[in-house]
Each structure stands twice: as structure tokens, then as C-alpha cells.
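Below: the structure, in C-alpha cells.
Chains as they are written, first to last, in our numbering: chain A, -4 to 382; chain B, 71 to 519.
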């Protein structure tokens, strides 16, 4: 694909070059024509007799004919058209024509507008979000808007390498959590502290950095000992970390990474998804569309559109980032587990869907045999499980 | 070792091939994106043809002048040798020769000058046209380039990088959607805020579309008809019904207003040529002339004709017809400009929501990470198919990792062995979902495969 794109860029640049040449030539010749005519015009005013004027006209015509203007322009133009059609061929070859271009969805615009409004606020574009809400006539809860605004304030500070607001936020969360249950996200806190340590080390020197480390990093000795050791190693090079084995710690990617990590944690605490739902859903779609398009092409017009089906006709492998639940497909019925048809565990440890289990039990009156290990089981001993 | 190496080789190869295959199918999604400015470039380039033709026209005129000057000179040469009187040119045009000689004796320099001025005017106009053409071509070439470069910058496309890949394109997808829905203020604000977005979206094209849509919404067909006339041949190529529908709509509006005579005259003037192509529809509309008065009448009288009229012809006058007209216009407009019929964002969402839809998404145990757990998205997905899964894919609820060695607690909850190790405290384990505490010994091994 990349090769196709590179060759497309080459073709476009060729088109640009030919177009410039063609335009310049045409303009040049037109100007020449103009100049000659202007000159003749001037001379005409000067001369007296008709005969002289006729002579001038003839001379003008001959001169212009000699320049072969139309011919020159035409050839430059042919060159240009040639390059354009070549680009066209390469576009056709690599992009083809897709049936998807004429496809129309039936998505409810109002609902989609709601999703987009949320997305805009979440992505740190509140002005755009407000304009959109006005124009489209949708609204987002004020509370949510404010939470996203606050989040992005901290992110902007992180962008200018200021870790303090983020650290304050973490402290606030810790305090709020003292009461209830819930896992402490030590990895975000640790990252923040270690970046602050490096920052202090490069800006203020060993002593303040060490004091900071003693105060804040010691709590993480149990979980992040390896990283702490590395950070301590930096103390040796406090004057020129950029030439030390630890120079990677100064890289900008850490700053970008910490922004992402902070946003994820912040959304998590808010009870929101870590990534924009619009982003995730459309990414899944971009992965799914080629397979669906191929299916539609293979099936032709006979098959109903896939949106009319109960289940998608093809399996689409999306990857770990899109897996939010366990999928259990009963080995017997090949059906997906659902709240109506949950997985059941047999005493022997094997798992079947409830429907398959019920079917097996119906066929005999005596205890049935597990399909995997031939041990006998009783229906009552089977337990509903949740993955 | 040899066996392991070979296996790994084929696995890597299969993965690479799989990745390539998926990559090469991304065009399905992105095709209109590159095609639109290219088609616009082609159209702009065609304009140049006319410039050449006009240049040739100028040359032709000059030639004519030059040859008539030549002829006159020859004629005058003859006149001086012959004795006055009427002289016949070799070309045999005595009248022309006579007038030429008459003018010649008057001193016809003036006519040359004004002719030349004309030609200069034409040339000036051509230069301006050329400038405009060059500029619009340049713009389109720039857009083509920007878009291909954008696609290159997206990088590899595949399930591992899908989120990062999509982040770079979602901005333009949103702006494209905004433009299509007519939210121009927001779209403009977005484009102003991000310089890179400009060449990636069709702001101008959609603005033109919106103007006509607005006119249709205010029940006026003028701009739309202008559009039809300007693009008559291309609309014909795609077998567009737009002009017919517009004319029909105007006719029916006249009928609805009660001006029957005018309506008939209108039909005779404008609808006649569609008689064979859209016969049935035309006949139904013409019939409405007869039934229109009944639609207004007070009671049910006259043998229930109002009912019949309403049933058969009422819909022709409904407001929904204008919405239908808007849809038809949009469809044809998009087709002419090589735009996709619907927003890419909508297409992606439709497919994506379906691919993500599982029965769990609407259950009480839904995960907040699941886009379908958002109310609006869940509603959008309500009519879409469920995803198809023929294989189990078990993920530990606690660690979110692929389930390696499942263990089941007495309450039926399942976690991976690794999760159980993390959760274990002093020989006891607390279920993260229900809070019940169990002894470690109560864990049982599970074999879901």
C-alpha cells in the first residue's frame, strides 16, 4: 500500500511540474501575441496610408504564424493531460471503485450528534463542542463538560512539563479513596513522581531531587524497585544525563505517555471509558469494513444487506483492544453465550452452554455423560458460571 | 530446534501476509477521499481546451484580416493598372471589391485599429481565464498531494495499531460529517483551528450543496434547476431524475395553489419531454388536476370522493415530498462530485457497532469500556446485527488479560490463576465482583475449551 501511495505522490508531482510548464508557456505565448499586436497597433496609428497599414497587418500575421503558437501550446497541453491521465490510472489501480461509495446508512442523526458532542468535549475542544451543541441542538451534561475541562487543564500543564497539577490530582484521589475499596493506581503515581524527580535533578540538582525521592518514592519500594534503582543511578550523571546511559529518560515520549496515562486514569475515575467511544467504535468499523465489503462482493446482489441480519455473516477479528468481555462459544452448539444461555460448569470441570446441557439431559433419564470426559454427571450438580 | 524455527517462520510469514492483505483493503474505505480532488482536477484541466480553441480563433481572425488586406492591395494594384471602372477580383466578389475600394479610398486604417483592439481584449480575457484555470488546478493538485500524504502519515493499518491509526483520521471524519449535515459554522471553526484539516475536507463543495438544500427547504426550486442546467450532460449520464422531479414539484405546487390553468401551461412547457420516460408518475400527477378540488371540500359528500382523492393523491402534496426531493438532489450532487453517498464516519460506526455488539453489551454486567454501553451508541446499535464469534475468547475480568488457567470460585465467578494469586490474602480470596470471601482451597480448576 505504501508503494502505491509513494508512486501516487510521484505522479502528482509530475502533474504539478507539467502544469506549471504548460501554464508558463501558454502565458508566455499569449503575452507574446499580445505584444506583437500591441506593437502593430502602435505602428498603425503612426502610419498614414492604407497600403502601409495593410502591409503591417500582413507582417503581423506572418510573424505570429512563424511563432507557431497554437502548436506549441497544444503540445505543452498534451503533456499535461498525459500526466493527469497517468495519475488517474494509478489512482484507479490502487483505489479501485468500491461499492461502499454508494452505501447509505440509516443511523439516527440526533443520536450520532450526541455522541459527537461528547467526543468533542472529551478531546479537549470545548469551544468547538459549544458551537456544535448550539448548531445541532444537542446538549451534554454540565457536570461532564466540567470534568473534561478540568482534565484538559491538567493535560495542558503536563504538555508544558508541569507535573504539579497532576500530582495534586493523584493526592486528591488517594484521599477520597481512603474510605472505600478500589485499587490504587500506583503506576501512574509512580511515573509522575519519577518524572518530577528527573526534572528536579536536571533543574535544581542532586540534593533537592534526593529529598524528593526520599519523600515520595520510598512508598513504591515494594512494587517498583527496579525503576527506583535506575533513577538513583541517574544521580551519578546529574550534570549530563543526556550523555549517560539514562538519556532515554529525558525523551519527549515520556511526556506524551504520561498525558495519555493521566487521561485514561482520570476518565476511569469519572466512570467514563478510557478511550473515546466514538474513536473505538469507528476504529472497529474501519477494521470490519474490508471484510464486510468483500463478503458483499462475493455474495452479489442476491444476499440481503448485512445490516438486515440477526448476526453478522462473517467473523471479524478485532484484536485485544476491542475485547471487553469474554466470549464463550459452546463447543457443542457453537452458539455464543448470552444472558439467556449462560455457560454452565459440570462437576468434572468442563463447560457447556445451558441449552446444550439441557438437551443432553433430556435425551436420557439417567445421569448423562460429559461429552469430554466420560464421567457421569447429574444435572443438579452443574453450576452457572460467569467469566 | 529446526522444527520450532520453521514453525515460527511460517507464523511470521502468515502474519505478514495477513497484515498486507488487510492493508491493501483499506482502499475500500478511503477511495473517495483521494478521488474527489482528482476528478475536480480533471474537470479544471478540461477548461484549458477552450483556451486553445479561442487562441486559434484569434489566429484565424488575424489571418482573415491579413488576407483581406492582401486582397485589397492586389485589387488596388489592379485598379491602378486598369482604368477605374468595376474590377473583378480573381476571387470573384465584385460587391466586396467595390466596397473595399470605396473604403480604401476613404482611408480604412481605422477598421484595423478597432479590430486589433478587439483581439487584444480577447487575449486579455484569455489570460485572465488561464490565470483562473491555473489557480484552480493548482489548488486541486495541492489537495491531492495533501491527501495522499495524509494517508501515508497514518501508517500501517491493522488490529494492533487500530486506535492510534484511527486517532489521526477521526478529526477529518468528524468535520466531513459536520459538513454533510449542514453544520457549517462548527466545521469552519474546526478547520480554522487546525490548518492541516483544510485540504482534507470538501468545505466549498458542501457549502454549494447546502445553499441549494436550503432553497429547497424554503420550497424554492430555482437554484436546484440552475444546478441541473449547468450539469445537464453529466446528470444525464447518471440517469438522474432530478430535473423531472423538480419540474413535477413545481407543477404540483401550482395545482395545490389552485391555479389550474397555469399548471396546465407549465406542464405543457416543461413536463412534456418526460412523458415517455416517466409516464406513470406523470399520469398520476396530471390526474391530481382532477381530484385537487375534492381534497379541499368540506364534507364527505359526492360519493366519498374526498376519501378516494385523499387516498390516491394526498401524498403528492405532502411536506414529505420536499424532503424526498432534498434526498434526490443530495444523492445526485454527491454522485456528480464523486463523493461517497454517506459520511465515512457513519459507515465506520455502523460496521464497528455491529462488530462490537454482544449480548453482554445490553446486560447489567456491561463494561464501561464497551462503546455500546454509552446510551446513544447502544440505541444506534439496537437494530444492527450481533457480532459473530465461532471460537471462545476468554478474558479474565480482573486482570483483563487473556485467560490462561481459569479458576472458579464457589459463587460461580471465574478468574485466571494469576488473578487469584494477586487477590489472595492470608489464605483467603475476596471476589472483586461480589465481595464474598472464600478459602483458597475452595478454588476449582476449570476446562472451558
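No residue lacks a Cβ here, since even glycine has one placed at the ideal position from N, Cα and C.
query                                                                                                                            : result
Closer than 8 Å to chain A by CB, residue 113(B)                                                                                 : no
Residue-level contact to chain B via CB, residue 219(A), 8 Å cutoff                                                              : no
Span separating the alpha-carbon of residue 448(B) from that of residue 271(A)                                                   : 15 Å
Inter-residue Cα distance where the pair is residue 354(B) and residue 284(B)                                                    : 28 Å
Where residue 176(A) falls: helix, strand or coil (DSSP)                                                                         : Any reading at residue 176(A) is ruled out, since the residue's pLDDT is 47, under 50, leaving its predicted position unreliable.
Closer than 7 Å: residue 342(B) CB and nearest the ligand GDP heavy atom                                                         : In the structure on display, the ligand GDP does not appear, and there are no ligands present to speak of.
Chain A residues whose Cβ lies nearer than 9 Å to that of residue 428(B)                                                         : 319, 320, 322, 331 and 333
Cβ of residue 138(A) within 8 Å of any chain B Cβ                                                                                : no
Under 7 Å by beta carbon: chain B residues contacting residue 306(A)                                                             : 455, 456 and 458
Contact under 8 Å by Cβ, residue 121(B) with residue 14(A)                                                                       : no
Status (buried if at least 16 other CB within 10 Å, exposed otherwise) for residue 303(A)                                        : exposed
Cβ neighbours of residue 181(A) in the same chain (closer than 8 Å, five flanking residues each side left out)                   : 215, 218 and 219
Residue range of the alpha helix (DSSP H) that includes residue 76(A)                                                            : 64 to 90
Residue range of the unbroken alpha helix (DSSP H) whose run includes residue 509(B)                                             : Taken as a continuous stretch (DSSP letters only), residue 509(B) belongs to no alpha helix (DSSP H), being part of the beta strand (DSSP E) at 507 to 509.
Check whether residue 450(B) and residue 107(A) have beta carbons under 8 Å apart                                                : yes
Close-in-space but distant-in-sequence residues of the same chain around residue 350(A) (CB under 8 Å, 5 per side omitted)       : 325, 328, 330 and 336
Residues near residue 387(A) by beta carbon distance below 8 Å, same chain, minus five either side                               : This structure leaves residue 387(A) out entirely; chain A is present only between -4 and 382.
Backbone CA spacing between residue 383(A) and residue 229(A) [nearest angstrom]                                                 : Because chain A here runs from -4 to 382, residue 383(A) falls outside it and cannot be looked at.
Integer-rounded CB distance, given that residue 475(B) should sit under 8 Å from residue 486(B)                                  : 6 Å
Contact set for residue 249(A): own chain, Cβ-Cβ below 7 Å, skip 5 residues either direction                                     : 190
Beta carbon proximity, residue 509(B) to chain A, threshold 8 Å                                                                  : no
Partner residues on chain A for residue 99(B), Cβ-Cβ distance less than 9 Å                                                      : 93, 95, 280, 281, 284, 285 and 288
Under 8 Å by beta carbon: chain A residues contacting residue 219(B)                                                             : 4
Rounded separation between residue 169(A) and residue 235(A) - CA only                                                           : 35 Å
Nearest candidate by alpha-carbon position, reference residue 504(B), set 495(B), 472(B) and 467(B)                              : 467(B)
Contact set between the stretch 377 to 390 of chain B and chain A, restricted to residues whose Cβ is under 9 Å from the partner : none
Minimum Cβ-Cβ distance from residue 76(A) to chain B less than 8 Å                                                               : yes
Proximity below 8 Å, CB of residue 282(A) to CB of residue 457(B)                                                                : no
For residue 291(A) and residue 410(B), believed in contact at Cβ under 8 Å, the rounded distance                                 : Incorrect: roughly 15 Å between the Cβ atoms, too far for contact.
Exposure of residue 269(B), with buried meaning 16 or more beta-carbon neighbours within 10 Å                                    : buried
Contact set between residue 236(B) and chain A, taken where Cβ atoms lie within less than 7 Å                                    : 274, 277, 278 and 281
Contacts of residue 126(A) in chain B (Cβ-Cβ under 8 Å)                                                                          : 255, 256 and 259
Cβ contact check for the stretch 24 to 37 of chain A and the stretch 196 to 206 of chain B: 3 or more pairs under 8 Å            : yes
Rounded separation between residue 305(B) and residue 245(B) - CA only                                                           : 27 Å
Beta-ladder partner(s) of residue 485(B), from DSSP                                                                              : 477(B)
Which listed residue (267(A), 247(A), 114(A) and 293(A)) has its alpha carbon closest to that of residue 133(A)                  : 114(A)
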